[in-house]
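One structure is given below, encoded as structure tokens.
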Amino acid sequence: MPDHTPSALQVFLNEGTEVAQNAIDASIALPIEQGLYHSLISSRMIIYVLGDTEGVWINADPLPGAIVCNIGEMWETWTAGLYKSTLHRVIHRSSNYRVSVPFFFEPNFDALVEPTDAALHILRASKNAKEVELLKAQYPSVVYGEFLKSKVGGNFTSDSQPKERY
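Counting the sequence shown from 1 gives a position; this note's numbering is that position plus 1295.
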């Protein structure tokens, strides 16, 4: 039986986007949580700071019968931003057990990831040449393995002994 716990899936919206502003205006952004750096921007709204990015968390409850698909950074690069990578988190608050079956579809370690011709064709149909070039510059070609090592390399130690956690 599926877990119908509301508010389990949450999505981070970057400040300054129309979607984030709509969440603020509708008062659906989530309240302060312990341990997260935040700043109060009004009596009812919190902007969270993750690294150097500010924004709001909102609930992303799936529609009945829907499948949730979070887009990753490589898909965002392939589509030159037509699809955006989703910063998300799952918070399980139910007394029921939760089963999550994540599936990661990733390119080969040595694959060159760059915006596809199809994505650029779609962009050229809706934007001027200068805008397309600016988007291409935002999504430079990257070898997947190098990207992956730079992203998660700090999660592991270089020696055989685990780091102290506390």
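Note that beta-carbon positions come from the ideal geometry of N, C-alpha and C, so glycine has one too.
So for residue i, helix, strand or coil by DSSP?
i     : result
N1317 : helix
R1384 : strand
F1442 : helix
E1401 : coil
L1377 : coil
N1391 : coil
A1424 : helix
T1312 : coil
N1365 : coil
Report the residue from the options whose alpha carbon sits nearest the alpha carbon of residue i.
i     : options                       : result
L1304 : N1365, N1354, K1444 and V1437 : N1354
R1384 : A1375, P1397 and W1373        : P1397
F1400 : S1445, P1357 and C1364        : C1364
L1377 : E1310, L1430 and Q1316        : L1430
E1368 : L1415, L1358, P1359 and K1379 : K1379
Who pairs with residue i in a beta bridge, going by DSSP?
i     : result
L1304 : V1385
L1407 : V1438
H1352 : In the sequence as displayed, the identity of residue 1352 is Trp instead of His. Answer is F1307, bridged to W1352.
Whole-angstrom Cβ separation of residue i and residue j, contact assumed at under 8 Å?
i     : j     : result
A1406 : Y1439 : 5 Å
F1307 : W1370 : The pair is not a contact, with the Cβ atoms about 17 Å apart (cut-off 8 Å).
S1445 : E1409 : Not really, about 17 Å apart at Cβ, beyond 8 Å.
A1414 : W1373 : 7 Å
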